[in-house]
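Chemist: The sequence shown begins at 1 in UniProt numbering and counts up by one.
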Amino acid sequence: MALSLVHFPSEVWNHIFQYLSAADKFSVRASCRYFRKLIDHWSLWKNWTIVLSFKNGPYNSEFWDSLRRRKVSSVVMRNTKTKDWSRLSLALPTLTTVIMDQNSNGNLNFIQDFSHLNRLAIRSSAVLLDLHTQTQLQHLTHLSMCNVLFPNKSNWSFLNLLPFLSSLTSVVCHNTNSFGQRDRMVDTLVSILPKLKHLSLSAKYISPQRDGSIFKPVTSLSSLELIDCLDHSSPEDVGQMISGLKCLRVFFKHSHQGRPEALSASVIYLKTWLSESAQLSNLTVVKGPPVRMYATSIPATITNLTLCVSGLSPRDMAAVAQQVPDLLHLHIDAWPSHLGAHTARIPELFPKLRSLKLRQDHVPEKDFLRLQQLQDLECLEILDRGHWSDLYKKLQTLTRNRLRVVTSSPQRDAFHCPCVSQVY
């Protein structure tokens with residue numbers, strides 16, 4: 001490499017490297033010792049998560065040194081043993097996020113070695129709880145559990161721990177045996193966790209009321225996710241507890257296209273929840289009934305809308321547009337069907353959009369280019385990652401380069417549960 005290039009100011013190289021993907025950074029890092037030092041600058045690795053597995057033995061000191069230079073704060077630990085956690089705590093004691101993945105019959109004693117830890121995710125693991133667990137979890141603000149088994153030999157249950165987790169602002173619980181069949185978990189969690197703002201639960205944990213009691217309104221929650229909703233497992237009464245919600249995401253287990261027997265209950269539940277959420281600004285619906293069956297219940301306060309619903313028709317889009325005149329952000333995915341030429345109607349239906357996510361496949365060029373009419377559009381993300389670079393450049397030219405077109409998958413926060421990552 002020419003000496004004149006090598007001796008560019010480090011700030012110049014740092015600015016250039018910011019445009020590289022993680023894979024490209026590693027390639028540049030391997031090219032020479034000078035770049036290896038520059039690439040490891042912490043500013044280039046913000047919000048980056050490393051996946052560690054000790055199946056081939058411990059990592060060397062040079063590896064840990066590079067992670068410390070990058071100020072890595074988030075780690076996925078996969079198939080690890082107790083001694084591996086000890087090595088991690090010695091090497092990276094300032095971690096703030098840990099994702100424990102695919103561990104069997106482990107405990108959470110390792111948490112005591114990470115005094116800065118505030119986000120913990122446990123996935124596809126079996127975890128033993130004991131008396132010491134309560135003190136180790138007290139400082140957590142985010143807890144995520146997916147496919148977690150708490151063996152019966154545990155002396156404590158997850159519900160026993162809840163009173164000690166008063167700092168939690170976000171709880172995710174998908175497909176675990178944490179709760180009993182009759183537990184009303186939204187009620188229980190919010191009453192015990194005073195700071196809770198975001199809650200994501202499998203719908204099977206939302207039990208219908210059986211004793212005739214009335215749900216107390218839940219005013220602290222601002223974000224609620226319900227996954228794997230079925231027509232028989234999604235109680236209408238949830239709406240009475242979430243009147244203050246700003247964000248609601250509903251993930252149905254199935255698409256109800258062609259399943260009339262499932263439509264009635266699902267439509268009733270969804271319409272009730274929407275009508276009870278007068279402050280809602282962010283709505284996501286994945287699968288479930290046809291959009292036109294609940295479109296009239298969508299609040300006019302919605303500014304951010306995600307619809308991942310197969311068979312999305314022009315009639316559906318028109319019905320939604322009438323309800324949300326101030327929509328700013330739209331993520332629309334009709335896969336395995338497609339919008340096709342109907343994409344051209346988006347500027348007419350949603351004229352105030354600032355960001356748009358959609359699939360480009362099966363959209364004629366002339367209809368795709370009609371998106372230039374969205375005068376406030378700043379970002380267009382192509383979900384099917386097409387290779388139509390000339391078409392995208394043409395659209396950008398028509399907008400005088402005001403529009404940014406994203407065709408690569410954005411970096412996803414590893415802490416987000418895979419169950420819902422499709423909408424992040």
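Just so it is clear, CB atoms sit at the ideal spot from N, CA and C, and this is done for glycine as well.
1) Taking Cβ to Cβ, would you say V285 is nearer than 9 Å to V324?
2) By DSSP, does V324 sit in helix, in strand, or in coil?
3) Do you know offhand how far S66's Cα is from N14's?
4) Are W45 and R68 close, meaning C-beta to C-beta below 9 Å?
5) Taking the beta strand (DSSP E) that A203 falls in, what are its first and last residues?
6) Taking 9 Å as the cut-off, decide whether the C-beta atoms of H331 and L307 are in contact.
7) With 16 as the cutoff for other CB atoms within 10 Å, does G57 come out buried or exposed?
8) Residue ranges of each alpha helix (DSSP H) run of no fewer than 4 residues wholly in the stretch 113 to 153, ordered along the chain?
9) Compute the Euclidean distance between the alpha carbons of Y34 and N60, then round it to the nearest angstrom.
10) Quick check on this structure: which residue in F26, L283 and S202 has the alpha carbon closest to the alpha carbon of K253?
11) Around the C-beta of V291, are 16 or more other C-beta atoms found within 10 angstroms, so that it is buried, or is it exposed?
12) Is DSSP giving E378 helix, strand or coil here?
13) Which same chain residues, not among the five before or five after N175, have their C-beta less than 7 Å away from its C-beta?
14) Near N118, which residues of its chain fall below 7 Å by C-beta distance, leaving aside the five closest residues on each side in sequence?
15) Of the residues H7, T343, T80 and Q373, which one's Cα is nearest the Cα of R354?
16) Are F415 and I99 touching if we call contact CB-CB under 9 Å?
17) Give me the Cα-Cα distance between L383 and L358, rounded to the nearest whole angstrom.
18) By a C-beta neighbour count over all protein chains shown, 10 Å radius and 16 as the cutoff for buried, is E348 buried or exposed?
19) Taking only the alpha-carbon atoms, compute the straight-line gap between S266 and G288 and give it to the nearest angstrom.
20) Hey, out of S255, T397, S297 and P93, whose CA is closest to Y269's CA?
21) Using CA atoms only, rank isn't needed, just tell me which of D316, T80, F368 and I39 is closest to E11.
22) From the DSSP output, read off the bridge partner residues of S255.
23) Can you round the beta-carbon distance between V72 and L92 to whole angstroms, since I take them to be within the 8 Å contact cut?
24) Leaving out the 5 sequence neighbours to the left and right, which residues in its chain are closer than 8 Å to S104 when beta-carbon positions are compared?
25) I'd like the list of long-range same chain contacts for C229, defined as Cβ closer than 8 Å, with 5 residues on each side in sequence excluded.
26) Within 10 Å of its beta-carbon, does V51 have 16 or more other beta-carbons around it, so buried, or fewer, so exposed?
Modeler: Let me spell this out:
1) Taking the sequence shown and counting its residues from 1, one reaches residue 285 at position 285. Taking the sequence shown and counting its residues from 1, one reaches residue 324 at position 324. For V285 and V324, no; Cβs fall outside 9 Å.
2) Numbered from its first residue, the sequence shown carries residue 324 at position 324. When secondary structure is reduced to three states using DSSP, V324 falls in the coil class, being assigned neither helix nor strand.
3) In the sequence shown, counting from the first residue as 1, residue 66 sits at position 66. In the sequence shown, counting from the first residue as 1, residue 14 sits at position 14. S66 and N14: Cα-Cα distance of roughly 16 Å.
4) If you number the sequence shown from 1, residue 45 lands on position 45. If you number the sequence shown from 1, residue 68 lands on position 68. Not closer than 9 Å, so no.
5) For the purposes of this step, residue 203 is taken as residue 203 along the sequence shown, with counting starting at 1. No beta strand (DSSP E) contains A203, which DSSP labels as neither H nor E.
6) For the purposes of this step, residue 331 is taken as the residue at position 331 of the sequence shown. For the purposes of this step, residue 307 is taken as the residue at position 307 of the sequence shown. Contact flag set, yes.
7) Taking the sequence shown and counting its residues from 1, one reaches residue 57 at position 57. Classification of G57: exposed, given that the 10 Å Cβ count is below 16.
8) 133 to 136
9) Counting from 1 along the sequence shown, the entry for residue 34 is found at position 34. Counting from 1 along the sequence shown, the entry for residue 60 is found at position 60. Distance between the alpha carbons of Y34 and N60: 21 Å.
10) By one-based count along the sequence shown, residue 253 stands at place 253. Relative to K253, the option among F26, L283 and S202 whose CA is nearest is S202.
11) As a working note, residue 291 is residue 291 in the sequence shown. So V291 ends up on the buried side.
12) If you number the sequence shown from 1, residue 378 lands on position 378. Note: E378 maps to coil in three-state DSSP.
13) In the sequence shown, residue 175 corresponds to position 175, counting from 1. Once the five neighbours on either side are set aside, the close Cβ partners of N175 are C146, N147 and S202.
14) If you number the sequence shown from 1, residue 118 lands on position 118. Answer for N118: T96, H139, L140, T141 and H142, listed in chain order.
15) Residue mapping note: residue 354 aligns to position 354 of the sequence shown, counting from 1. Minimum Cα distance to R354 is reached at Q373.
16) One-based indexing of the sequence shown puts residue 415 at position 415. One-based indexing of the sequence shown puts residue 99 at position 99. Yes. Within cutoff.
17) Within the sequence shown, numbered from 1, the residue matching residue 383 stands at position 383. Within the sequence shown, numbered from 1, the residue matching residue 358 stands at position 358. Straight-line Cα distance between these residues: approximately 6 Å.
18) Along the sequence shown, read from residue 1 onward, the residue named residue 348 stands at position 348. Per the 10 Å Cβ criterion, exposed.
19) As a first step, residue 266 is located in the sequence shown; it is residue number 266 there, counting from the start. As a first step, residue 288 is located in the sequence shown; it is residue number 288 there, counting from the start. C-alpha separation (whole angstroms): 7 Å.
20) Within the sequence shown, the letter at position 269 stands for residue 269. Among S255, T397, S297 and P93, the Cα nearest to that of Y269 belongs to S297.
21) Stepping through the sequence shown from its first residue, residue 11 is reached at position 11. The shortest Cα separation from E11 among D316, T80, F368 and I39 belongs to I39.
22) By 1-based counting over the sequence shown, the position of residue 255 is 255. For S255, which the question treats as bridged, DSSP gives the partners G288.
23) As a position in the sequence shown, residue 72 is number 72, starting the count at 1. As a position in the sequence shown, residue 92 is number 92, starting the count at 1. With 8 Å as the limit, V72 and L92 qualify as a contact, their Cβ atoms being about 6 Å apart.
24) On the sequence shown, residue 104 is found 104 positions in, with the first residue counted as 1. S125 and A126, listed in sequence order.
25) Residue numbering aside, residue 229 sits at position 229 when the sequence shown is read from its first letter. Cβ within range, chain order: A203, V250, F251, F252, K253, S266, Y269 and G288.
26) Locating residue 51 in the sequence shown gives position 51, where the first residue counts as 1. Exposed, by the Cβ-count rule.
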